[in-house]
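Have a look at the structure below before the remarks.
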Amino acid sequence: MKIIAIGTTNQAKVAAVRSIFSSEHYTLVPTDVPSDVSAQPISDHETRQGAINRAKHALQKENADIGIGLEGGVMEIDGELWLCNWGALADRDGTVITAGGARIPLPFEVAKGIRAGRELGDVMAEYTGERNIRHKEGAIGVFTNGYVDRAGMFRHIVQLLVGQYEFFCQNH
């Protein structure tokens, strides 16, 4: 049975990984590791790097076969802030695979809070009056009226990671 270390204990991210990997073949170990990037990543580059760092740290910390890192952030396009999210899969052989996911623009009021140096989760708590949105539907769930939630968004990224990894392993 392979051990997959998930570089977070965030419920939505762990649920995304659990939905892809069956417990019959894998032992999933959520673990708290640093992203080594800003608490609120502000670019695709920084968000992707946070996912890579989480995957590598989780792999090493748990002495796993595979480490998975998932990171949410924001990026700017034409003066607007957009949600962005990235994932990374790392294995013991040094292979690192990355994938990015959905992007939607943030309302001006939310973007203003982030530009003031606040984290998206804190801004969303104030914006919606709900706590712990990052563990539940996430900003994506709020701004898509529930059509896509945070676990579903990250599930898509995990699918992209696993599909690339399987392709890479079969063809190299």
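When you line the sequence shown up against full-length UniProt numbering, it's residues 1 to 172, in that order. The C-beta atom is built at its ideal place from N, Cα and C for all residues, glycine as well. Since this is a predicted model, take the numbers as computed values, not measurements.
Let me make sure I understand the geometry here. Which of the options has the alpha-carbon closest to that of residue i?
i: Ile114; options: Glu76, Ile133, Val142, Ile97; result: Glu76
i: Arg54; options: Leu81, Arg131, Pro34; result: Pro34
i: Asp91; options: Thr144, Arg134, Leu59, Ser23; result: Leu59
i: Val14; options: Arg150, Leu161, Val162; result: Arg150
i: Leu28; options: Thr47, Asp36, Gly67; result: Gly67
i: Gly79; options: Ala111, Ala64, Ala102; result: Ala111
i: Phe168; options: Thr144, Glu109, Thr98; result: Thr98
i: Arg48; options: Thr128, Ile4, Ile157, Glu109; result: Ile157
Pull up the CB-CB distance for residue i and residue j, whole angstroms please, since I reckon it's below 8 Å.
i: Ile52; j: Gly69; result: 6 Å
i: residue 226; j: Asp32; result: Absent from the model: residue 226. The displayed extent of the chain is 1 to 172, so no value can be given.
Here's a check: name, in chain order, each residue in its chain whose Cβ is nearer than 8 Å to the Cβ of residue i, leaving out the five neighbours to either side.
i: Glu126; result: Gly113
i: Arg131; result: Ala125
i: Val96; result: Ile52, Ala55, Lys56, Ala88, Leu89, Ala90
i: Glu166; result: none
i: Gly146; result: Glu137
Please confirm whether any heavy atom of the ligand FAD lies closer than 7 Å to the CB of residue i.
i: Val110; result: With respect to the ligand FAD, the structure shown offers nothing to examine, as it has no ligands at all.
Tell me which same chain residues have a C-beta within less than 6 Å of the C-beta of residue i, skipping the five on either side of it?
i: Gly100; result: Trp86
i: Ile133; result: Met124
i: Lys2; result: Tyr26, Asp65
i: Trp82; result: Met75, Arg103, Pro105
Counting only runs of 3+ residues fully inside the region 66-149, write out the beta strand (DSSP E) ranges in chain order. 66-77, 80-91, 96-100
Under 8 Å: do the region 86-98 and the region 117-137 share three or more Cβ pairs, one atom per stretch? no
Quick check: the region 38-45 against the region 15-26, are there 3 or more CB pairs under 8 Å? no
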